[in-house]
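Residue numbers (this note's numbering), protein chains in the order written: chain A, 8 to 438; chain B, 8 to 438.
2 protein chains.
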Amino acid sequence: MEIDAYSASIGLMRQSQLFTKTRREVPKDETSKNAQLLIRAGYIHKEMAGVYSYLPLGLGVLKNIEQIIRIALNAVGAQEVFMTTLQDPEIWKATNRWDDKIVDNWFKTKLKNDTEIGLATTHEEPLVRILKDHISSYKDLITETQLSIYQFQTKFRNELRSKSGIMRGREFMMKDQYSFHLSEKSFDNYYEMMARTYLSIFDKVGLGSVTVRTKASGGSFSKFSDEFQTFSDAGEDKIYLCDACKIAINNEIIQEQSSCISCLKPKENLLEKKSIEIGNIFPLKSKFTDAGGLKVKDSNGNDVSVLMGCYGIGLGRLMGTIVEVLSDEKGIVWPESVAPFKIHLLVLNEEQKLVADNLYEELKRREVAVLYDDRDISVGEKFADADLLGMPLRVLVSNKSITAGGYEVKGRSENVSKIMSVNELYSYCHV
Amino acid sequence: MEIDAYSASIGLMRQSQLFTKTRREVPKDETSKNAQLLIRAGYIHKEMAGVYSYLPLGLGVLKNIEQIIRIALNAVGAQEVFMTTLQDPEIWKATNRWDDKIVDNWFKTKLKNDTEIGLATTHEEPLVRILKDHISSYKDLITETQLSIYQFQTKFRNELRSKSGIMRGREFMMKDQYSFHLSEKSFDNYYEMMARTYLSIFDKVGLGSVTVRTKASGGSFSKFSDEFQTFSDAGEDKIYLCDACKIAINNEIIQEQSSCISCLKPKENLLEKKSIEIGNIFPLKSKFTDAGGLKVKDSNGNDVSVLMGCYGIGLGRLMGTIVEVLSDEKGIVWPESVAPFKIHLLVLNEEQKLVADNLYEELKRREVAVLYDDRDISVGEKFADADLLGMPLRVLVSNKSITAGGYEVKGRSENVSKIMSVNELYSYCHV
């Protein structure tokens with residue numbers, strides 16, 4: 008119910024009013040399936056390579072994904088903030104991440120007084136500085152929920168190439184999150200809890216059965232970090248899956264491993280799969296807190312280091328992955344949890360308009376998110392658009408349905424429709 | 008009920024878990040009241056001049072304002088999108104707004120291949136280009152609701168100076184909106200409807216009685232545009248108010264006018280007031296649509312120009328204005344509609360904890376947004392923080408209230424509390 012909040016606020020929509028139009032032809036400059044389908048369906052608009060605007064239907068999906076993540080994170084006591092894009096170089100110099108030779112994907116710009124500033128690629132440095140104003144004692148880090156802070160904020164990364172549609176953007180919406188701990192044990196517990204939370208989020212958005220936790224390098228910080236990889240031939244990554252444990256190892260660390268991380272099955276028996284990374288979690292030890300000067304007093308009044316973890320999900324990446332993995336030859340197939348509308352209501356022609364109008368009004372009254380195709384076009388076009396746009400349920404008002412005293416209802420992935428009465432439809436939609 | 012959606016999703020909050028702390032001392036580098044109070048109360052953090060991060064309580068206010076605006080705009084059929092920050096120079100060259108000598112507040116940056124790109128200061132140009140892919144006929148512009156498109160998106164403006172706190176940012180969240188019309192008459196009707204919508208939005212956020220529609224120059228486009236000005240000594244603007252008509256004239260056009268725009272009262276009798284501009288609406292004629300090449304076919308198949316209007320509200324500006332106008336010597340005073348929490352629940356000491364915990368749980372069950380000060384600090388500090396943070400209702404659990412079988416309830420601007428029973432409290436909170 009909560010996750011319908013955004014759809015409920017775009018409210019109901021008569022398709023004759025929706026300004027976006029679908030198109031049959033594939034955009035010539037897009038090679039990725041996600042960008043091709045999302046542009047054809049009018050969900051997004053390409054501004055330049057790796058930079059996409061979200062149109063009403065696309066924004067609806069993005070907001071639903073955002074809300075699913077927000078609810079999951081609030082439930083574990085994480086606190087939401089909104090940090091800035093413009094970045095003060097000083098805090099990045101302190102961690103040695105300002106120099107373009109070290110971090111090669113900065114966008115930089117200048118204030119009027121010629122001071123060079125950056126566009127945030129990530130937010131460890133500014134958050135550590137913020138915390139210096141607010142936490143000072145070990146007591147601030149032993150709350151029941153643990154200190155964990157997240158945001159939904161645009162990230163800017165100056166990628167050399169960008170041709171995977173909304174899966175790898177130069178500008179993209181990201182949920183980034185950072186947790187802070189006094190001990191390895193507290194960090195480890197939180198990290199494992201976040202791994203479970205991530206799996207539940209990916210399950211909720213419809214990718215649960217094709218997504219696995221994947222061990223990756225921990226860099227200079229730790230033996231491992233974790234990625235969440237979704238099986239897809241469109242993926243840029245390669246993973247090695249233990250079918251028994253449902254845990255994988257990524258390409259980067261398979262050399263060093265002789266077996267599955269969990270059950271010790273020899274690595275020769277792991278399944279090689281192409282995949283898309285839809286999330287990652289990473290232990291950062293005290294690298295950024297120490298460099299940024301964030302310490303807390305312990306119970307004896309001595310300064311102690313603060314351990315940090317980070318947890319990312321790219322929202323566009325996730326939305327693009329859903330399209331890559333679930334779409335079929337006719338178009339997009341949205342899981343109900345992220346679809347901009349639950350129902351796509353179609354009316355065959357003028358004669359049935361009154362019946363359809365009434366159903367539309369009744370669904371409105373019951374706060375069901377419905378897109379009503381009231382346009383004066385052929386039924387063939389309406390069917391093709393419904394398949395392309397990909398709402399979970401297509402509800403058709405036709406002479407056949409009226410005679411039978413109901414509506415023709417078809418799930419997006421089903422091949423046949425069935426007649427449902429009004430009440431059957433409502434109970435099917437849980438309203 | 009709808010506007011509580013965000014608060015309901017941050018949910019309830021025990022203040023012992025909230026990572027932000029209040030401070031007594033005024034930040035030395037801030038001269039504006041809004042920044043001083045919002046930083047002291049832990050709502051925002053300054054990253055650099057004119058660039059502020061929003062911390063949990065501040066984001067709560069920002070999201071409430073956003074949702075009030077969203078609901079008002081959806082109700083008049085406007086469609087929400089999310090355009091990009093990174094801007095392709097080509098579309099700005101076409102309207103002659105790329106050159107730094109003409110538009111002097113661009114932030115510019117470069118792609119890896121050295122192409123110069125900009126950070127959006129506004130979004131007329133990209134939206135016109137998007138529409139070229141979607142509208143082509145006069146029929147697309149004669150829908151019942153009119154074609155009107157809006158977004159909440161960060162704007163970047165390279166201001167020479169920035170010292171008004173969140174009221175004039177180099178990076179700030181803006182609601183910008185653009186409408187498209189075939190005729191002057193259709194434009195005029197829409198424009199007047201938007202003026203009424205703006206007044207109702209400002210009323211809803213608590214500034215209705217101190218905000219007036221103000222005639223301003225229409226620039227090269229039109230005789231007038233309209234600003235919405237809030238009376239405040241902190242304002243940078245000066246307006247001339249007709250007390251009878253509740254309409255004002257701004258400083259820019261007072262010279263050219265001899266009287267009130269509406270009732271012809273001579274200008275000498277208008278009241279001069281300092282004010283803050285919290286919104287503006289502007290006729291753009293066909294300047295950007297023509298330059299961007301957006302035309303539609305009329306019923307005879309001929310290309311015709313498209314008229315455009317734009318409608319802006321800076322969310323940080325609005326939030327800062329509420330603080331400037333409504334705060335008192337003790338701290339912030341939030342109107343109920345934008346407060347991050349409706350109730351600030353205080354418990355005096357350990358003895359009453361159980362009663363307070365139970366009330367907290369019951370408010371949780373009823374989905375009332377409540378901040379529960381369960382911290383182990385003095386009651387004086389709790390009272391001072393409650394005044395500084397500014398939630399509409401302070402609810403105190405004390406021996407006195409327990410003996411009387413209820414709670415001590417005080418409105419933020421009231422001087423005395425009164426004892427209310429549980430049921431009185433709930434009905435007072437409309438739950």
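No residue lacks a Cβ here, since even glycine has one placed at the ideal position from N, Cα and C.
All values derive from a computational prediction rather than experimental measurement.
Closest residue to residue i among the options (Cα-Cα distance)
i: V83/B; options: A56/B, T204/B, G226/B and A363/B; result: T204/B
i: Y197/A; options: T328/A, I156/A, F390/A and D335/A; result: I156/A
i: K360/A; options: D233/A, K274/A and R382/A; result: R382/A
i: G286/A; options: C270/A, T328/A, S293/A and K274/A; result: T328/A
i: L44/A; options: A56/A, E54/A and R31/A; result: R31/A
i: A346/B; options: V354/B, S334/B and N422/B; result: S334/B
i: F163/A; options: H351/A, T91/A and L214/A; result: T91/A
Straight-line Cα distance separating residue j from residue i
i: R47/A; j: K35/A; result: 11 Å
i: L93/B; j: F114/B; result: 10 Å
i: F295/A; j: F194/A; result: 15 Å
i: K117/A; j: G338/A; result: 44 Å
i: P63/B; j: I78/A; result: 15 Å
i: S207/B; j: A85/B; result: 16 Å
i: L189/A; j: N257/B; result: 57 Å
i: G413/B; j: E374/B; result: 20 Å
i: M427/B; j: R419/B; result: 16 Å
i: N71/B; j: E388/A; result: 40 Å
i: P399/B; j: L154/A; result: 27 Å
i: D380/B; j: K304/A; result: 23 Å
i: A152/A; j: M315/A; result: Contrary to the premise, residue 152/A reads as Thr rather than Ala in this sequence. Roughly 15 Å between the two C-alpha positions.
i: Q22/A; j: L66/A; result: 16 Å
i: A255/B; j: F231/B; result: 12 Å
i: A223/A; j: P342/A; result: 29 Å
i: Q24/B; j: T150/A; result: 6 Å
i: L148/A; j: N112/A; result: 33 Å
i: Q262/B; j: G225/B; result: 15 Å
Bridge partners - residue i, DSSP secondary structure assignment
i: P440/A; result: Summary: the structure shown does not reach residue 440/A, with chain A confined to residues 8 through 438, and so no result is reported for it.
i: H188/B; result: L314/B
i: K425/B; result: V416/B
i: Q86/A; result: I156/A
i: N287/B; result: E234/B and G319/B
i: Q94/A; result: G125/A
i: H52/B; result: S60/B
i: E178/B; result: F163/B
i: S144/B; result: K304/B
i: F224/A; result: Before going on, a small fix: residue 224/A reads as Ser here, not Phe. Partner(s): F231/A.
Cβ of residue i within 7 Å of any chain C Cβ
i: I98/A; result: Of the chains in the structure shown, none is chain C; the protein chains are A and B.
Three-way DSSP call (helix, strand, coil) for residue i in this model
i: K28/B; result: coil
i: Y433/A; result: helix
i: D233/B; result: strand
i: A255/A; result: strand
i: S207/B; result: helix
i: E442/A; result: There is no way to answer for residue 442/A, as the model of chain A reaches only from 8 to 438.
i: S306/B; result: coil
i: F348/A; result: coil
i: K280/A; result: strand
i: K337/A; result: coil
Close beta carbons around residue i, own chain, < 7 Å, minus the five adjacent residues each side
i: P96/A; result: W105, E123, I124 and G125
i: G321/A; result: F179 and M181
i: V58/B; result: G176, R177 and E178
i: G69/A; result: Looking at the sequence itself, residue 69/A is Leu, so the reference to Gly does not match. So the qualifying residues of the chain are Y61, M180, L322 and M326.
i: K272/B; result: C249, A251 and S266
i: Q264/A; result: I256 and K274
i: A411/B; result: I426
Any non-hydrogen atom of the ligand NAD closer than 6 Å to residue i Cβ
i: R373/B; result: Looking for the ligand NAD in the displayed structure turns up nothing, as the structure carries no ligands at all.
Own chain, CB closer than 8 Å to residue i, minus 5 neighbours either side, in chain order
i: A12/B; result: Note that A12/B scores 39 on pLDDT, short of 50, meaning its location in the model is unreliable and no value can be drawn from it.
i: N103/B; result: I109 and A298
i: M8/A; result: Low per-residue confidence applies at M8/A: pLDDT is 27, beneath 50, and the placement is therefore not dependable enough to give any value.
Nonlocal neighbours in the same chain, by C-beta distance under 6 Å from residue i, ignoring five residues either side
i: L370/B; result: V377
i: L355/B; result: V386 and S405
i: L301/B; result: V135, L138, K139 and V313
i: F289/A; result: S232 and C317
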